[in-house]
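Report on one structure; see the data block that follows.
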Amino acid sequence: MRNAAVTGHPIGHSKSPLIHGYWLKQHGIEGSYIAQDVPPETAESFYSALAEHGFVGCNVTIPNKEHAYNSAEKLDDAAKMIGAVNTLWLDDAGVLNGSNTDGLGFLGNLDQMLPNWDNNGNKAVVLGAGGASRAIIWALLSRGYTEVYISNRTLEKAQNLADHFGPNTIAIKWDRLGEKFGEADFLVNTTSLGMTGQPELNIDLDNLSKSAVVTDIVYSPLQTKLLRDAEQRGNATVDGLGMLLHQAVPGFEKWFGVRPEVTDELREMILREMGLT
Ligand code: ATR
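Position 55 of the sequence shown, counted from 1, bears residue number 55 in the UniProt record's numbering, the numbering being contiguous throughout.
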C-alpha cells in the first residue's frame, strides 16, 4: 500500500485529505493520504527520512515549504524559481524530488474555468509579494506574459521579486496601481486581503480594461469583493477554489500513478465541507 500525507504545523484544517481521499476512492486505489503534524524544528529530518516514516511522498504546507526545499535532493524548475516546495516524492531510485505545484494549480484552474484566458495576454498585474505571489509570477511568465507588474503594500518586497524574476517583471507602488489597469489583460490578488477574518481588498477598478480577466487566490469566501466588483462591471472572473484543487493533481499522479481530474463533484464536495454552499 502506498501512503502519502499533507505535512505542516498546525495541520488540522487542511482540505488536502478530502481531495486526495476523493480521488483514491474514485480510482479504487488501495492507498492512504493523511494529515501529519510536522513541527518546523523537525521538518528537515522528517522529509529526509520519508520512507522510514512509511510515506512515498507528501504535500508540504505552512510553515515547512522552505524546509522541504532544503530537504529535496532534486528540484524541478518551478521549485527552484519559486524557492519553496509543496510536493515531495521518492522516485524509483529512492531520490527525494521536490516541486512547487501552486503555479500549475493556478494555471489549471484558469484553463478549466476560462479556456483561452491567456490568449493574446501579455500584461498582467499581480497584487501581493508573498509566497503565493512567487508561484503566480512564475506561472504567468511560463505562459509568455511579457510585462508582469507586481504591486505590494511593502514596495521593497515587490522589488525583490522583480529582481529575482528578471526584466519581464516590474514593481509598482500600491497607490499607483490604477495607472497600469488600462493596459492590463489580467489582474490577480495574491494577498490575504478579502479572506474571511481579514480586511477587504479595497482597490478602485475604474481604469481597468473591460477585457481584463480578474481572479483571486482567496477562496473563502468564494466570491470576494474583488470578484464581485469585477463581475459587476463586466470583466470575466475566476474564483480561487480551483487553484487549491488543481495544485493537488501532480502529487497524486506521482504517488499513486494516476492523473486525477478536478470534477464538479469534487468541487461541490469541498464547498459543502467548507460550509460554502
Ligand atoms: P502567502 O504565502 O499566502 O503569499 P505571505 O507571504 O504572508 O502569504 O504574504 C501576504 C501578502 O499579503 C503580502 O503581499 C502582504 O503584503 P506585505 O508584504 O506588505 O506584508 C499582503 N498583505 C497582508 N495584509 C495586508 C494588508 N492589510 N494590506 C495590504 N497588503 C497586505
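Backbone N, C-alpha and C define an ideal beta-carbon position, used for all residues, glycine too.
Quick caveat: nothing in here was measured; it's all calculated off a predicted structure.
Check: Quick check on DSSP: helix, strand or coil for Lys25?; Outcome: helix
Check: Please check the pair Ala139 and Gly98, which I expect to be a contact at CB under 8 Å, by giving their CB distance rounded to whole angstroms.; Outcome: Contact doesn't hold; Cβ gap of about 17 Å is too wide.
Check: Report, in whole angstroms, the separation of the C-beta atoms of Phe106 and Ile136, which I expect to be a contact under 8 Å.; Outcome: 5 Å
Check: Give me the residue from Gln159, Leu241 and Pro10 with the minimum Cα distance to Asp264.; Outcome: Leu241
Check: Does the distance between the C-beta of Ala139 and the nearest non-hydrogen atom of ligand 1 fall short of 8 Å?; Outcome: no
Check: Check the C-beta distance from Val218 over to Leu245 and give it rounded, since I have them as a contact under 8 Å.; Outcome: Not confirmed; about 15 Å, so no contact.
Check: Which first and last residues belong to the alpha helix (DSSP H) in which Arg134 is found?; Outcome: Gly131 to Ser142
Check: For Asn189, I'd like the list of residues in its chain whose CB is within less than 8 Å of its CB, leaving aside the five on either flank, ordered along the chain.; Outcome: Leu127, Gly128, Leu201, Thr215, Asp216, Ile217, Val218, Thr224 and Leu226
Check: Tell me, which residues are paired with Gln36 by DSSP?; Outcome: Thr7
Check: Quick one: Cα of Asn86 to Cα of Lys65, how far?; Outcome: 6 Å
Check: Kindly indicate the opening and closing residues of the beta strand (DSSP E) around Gly57.; Outcome: Gly57 to Val60
Check: At which residues does the beta strand (DSSP E) containing Val249 begin and terminate?; Outcome: From DSSP, Val249 is part of no beta strand (DSSP E) but of the alpha helix (DSSP H) over Val249 to Phe256.
Check: DSSP beta-bridge partners for Leu227?; Outcome: DSSP output for Leu227 lists no bridge partner at all.
Check: What do you reckon, are the CB atoms on Ile34 and Ala5 nearer than 9 Å?; Outcome: yes
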